[in-house]
Each structure stands twice: as C-alpha cells, then as structure tokens.
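Position one of the sequence shown corresponds to residue 1145 (this note's numbering), numbered consecutively onward.
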Amino acid sequence: MRTDNTTQSASQTPADGVRLAAGDAELTVHPDNGCRIGSLRVGGTELLRQGAQYGCFPMVPWCGRIALGRFRNGGELHQMPVNAAPHAIHGTGRDLRWRTARSSATAAAFTYDLADPAAPWPYPGMVTQLVELAEDGRSLTLTMGVEAAQDSFPAQAGWHPWFVRHLDAAEDGDDSGAQVRLDFAAEWQEERGEDHLPTGRRIPTRPGPWDDCFGMPQGVDVTVTWPGRLELKVTSRAEWVVIYDEQEAAVCVEPQSGPPNGLNTLPRLVTPIDPLEISTTWSWRTLT
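Put into structure tokens, the structure is as follows:
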C-alpha cells in the first residue's frame, strides 16, 4: 500500500492523537487506542459516539464473530481469545497500539505488526490503515491493507463506526436533536441463528432493528441521514455490510470484506504476493 503521500514524521505525532482538518471538517485518530477515529466533526457537530470503545475502529484481521473463537487454515486449528462469549469478535487490531508512519494536514498512515506479542495472531504480517480527508472537507476515505510476511492465512478487514443516533447528543446528552435514519437496498440478508452467526441461508431483507449482515454485490451503499441537518453516504467496493441499530445512543454501518464467521465459511487467503485491501468512503452534505 502506498504511504508516501504524507510528510510529517511519526515523532511529531501529538500524544492526544493525530488531527486532520479540511474545510469545516476535522477528525482525530488515536493510534494508541486501536487506531480508531475518536472524533469526526462537520461544521462543529460531532458525528461519532464518544468514549474510548466507540468512535470508529478498524476490524482486522477478522470482522464480526468467529464461532467459538476458532478457525482453520488448512490442517491447523487456531484459537482466538473469546471476548464475546462464546465467540471471538472484531479482530485484535482495535486492542493494540499502532505506529504512526506518516501524517500531514489531511492524511495519515498507520501500521501494526501482526506478530505483535499483544496480538495473539498466529501468522506474521503487516496491517496498514490510511486515513485521508478530502481537500474540500466533504469526504473521508479509509483504506486498510493486510500483508502476509511468510505463510498464507485467511483474513478479513473492515470498519465499525458508531454514528450518533441524535445529532448533538455527543455534546450535551440531549436526545431532542435530529434522529438518524438509515436507507439501503441489499440483495439479501444473511439469516442470523440463535448463536448470533449467519446460518448460511440468504433471505429477503427484514425490518430492523438489526444486528445483521447484508449482501451488496455491486458494492456497499448506505445513506445515513439526520433529517434537516446532514446526509452522510457510506460506500465501498466491498460486498458485505453489517448494520447494527439495537442501541439507543448510536447506529453502526460496517463495510467489511466478508461476512461474520467468514474465516470459516468464506475464507479469503492473504499470501505474500496477494494482500487483502479494502476501502470505504464517507461523503456528506448539509441539509439546512
């Protein structure tokens, strides 16, 4: 992945995160906290739920749940830490300290070593995340790459943003602000079993609330609208998205490279000559 379009050295990274700004948009990335975007403000209004476990974090080297925390690679069976009993969830990248490789006023690149002792992943390699704010401050592009250093392995990558349900709630806790609306057209919904994993059956899209995976073979395209205030589109060439709106405080639109439990059901092998790469773009416009 390219990381040569930025200029600031890692030693200049502020202790409270890496801040990017353009137009009336500004965001802060926290490499020490799983390389999550801790804040995204447009016109001074916060769009992401605040808190150390929220914002928008990368899901890597898998997305969603792995059944019982176990996956196979050929004849090898691997056990990941069970952090959403009885399953493992959302990868290890969100729990690690990433390295700031480069940053400028509008873009930054971050990496972490898959062999990091704090990450119980059995294969060496590198993960890179690029965060790029458009010069006009009207869109944000996130790109993630997973590279294998030696042996091939199955992997996934994606993002888990927590968009506030009520605009302005992040600032004052008032739920009277514009309440979010989600609009999307999926070709199918993955049927969810009692164990919270896809059963393998594809069904027509059902009404929410959701904690479900949807298939979009033409690419992810979801519109997040706060009526009368702001419209934000989440797009990606990826074909899978998880929608989660079972909490009062926030909704999640999660583009990812495969479905939950995909390391077992739809493995995508990363090899030394074939890395995994995924991008998503958020673009927004005001409605006032």
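All residues carry an ideal CB built from backbone N, CA and C; glycine is no exception.
Query raised in the report: Would you call the CB atoms of R1345 and E1331 closer than 8 Å?
Result: No, Cβ-Cβ distance for R1345 and E1331 is not below 8 Å.
Query raised in the report: Do the CB positions of W1265 and Y1256 come within less than 8 Å of each other?
Result: Cβ atoms of W1265 and Y1256: not closer than 8 Å.
Query raised in the report: According to DSSP, is T1453 helix, strand or coil?
Result: This structure cannot speak to residue 1453, because the chain is shown only from 1145 to 1432.
Query - Strand pairing of Q1108, partner residues [DSSP] - result: In the structure as shown, the chain starts at 1145 and stops at 1432, and residue 1108 therefore has no counterpart that could be examined.
Query raised in the report: Taking contact to mean at least 3 C-beta pairs separated by less than 8 Å, is the region 1285-1300 in contact with the region 1350-1359?
Result: By the C-beta criterion, the region 1285-1300 is judged not to be in contact with the region 1350-1359, since fewer than 3 inter-stretch pairs fall below 8 Å.
Query raised in the report: What three-state label does DSSP hand L1431 in the structure shown?
Result: Coil.
Query raised in the report: What are the uninterrupted segments assigned as beta strand (DSSP E) that are 3 or more residues long and contained completely in the region 1250-1318, given in chain order?
Result: Taking only runs of at least 3 residues, the beta strand (DSSP E) segments lying wholly in the region 1250-1318 are 1251-1257, 1269-1277, 1283-1292 and 1302-1305.
Requested in this report: Following the continuous beta strand (DSSP E) through N1408, name the residue where it begins and the one where it ends.
Outcome: Careful: N1408 lies outside any beta strand (DSSP E), inside the alpha helix (DSSP H) at G1406 to T1409.
**Report entry** Expected contact under 8 Å - CB spacing of T1425 and T1285 to nearest Å
**Finding:** The pair is a contact, with the Cβ atoms about 5 Å apart (cut-off 8 Å).
Query raised in the report: Opposite A1322 in the DSSP bridges: which residues?
Result: The secondary-structure analysis by DSSP pairs A1322 with nothing; it has no beta-bridge partner.
Requested in this report: Verify whether the separation of the beta carbon atoms of W1428 and D1389 is less than 8 Å.
Outcome: Against a cut-off of 8 Å, the Cβ pair of D1389 and W1428 comes out as no contact.
Query raised in the report: Helix or strand or just coil, what does DSSP make of A1211?
Result: Note: A1211 maps to helix in three-state DSSP.
Requested in this report: Could you check which residue in T1172, I1417 and V1395 has the C-alpha nearest to that of L1277?
Outcome: Its Cα nearest to that of L1277, the residue T1172 stands out among T1172, I1417 and V1395.
Query raised in the report: What first and last residue would you give for the beta strand (DSSP E) that runs through D1365?
Result: First-last of the beta strand (DSSP E) with D1365: V1364 to W1370.
Requested in this report: Could you check which residue in R1282, G1237, A1253 and A1165 has the C-alpha nearest to that of A1262?
Outcome: Checking every option, the nearest Cα to that of A1262 belongs to G1237.
Report task. Tell me, to the nearest whole angstrom, how far the beta carbon of A1252 is from that of A1165; I am working on the premise that it is less than 8 Å. Result -> With a Cβ gap of about 12 Å, A1252 and A1165 do not count as contacting.
Query raised in the report: With DSSP run on the structure shown, which of helix, strand or coil describes P1416?
Result: Secondary structure at P1416: coil, using DSSP grouped into helix, strand and coil.
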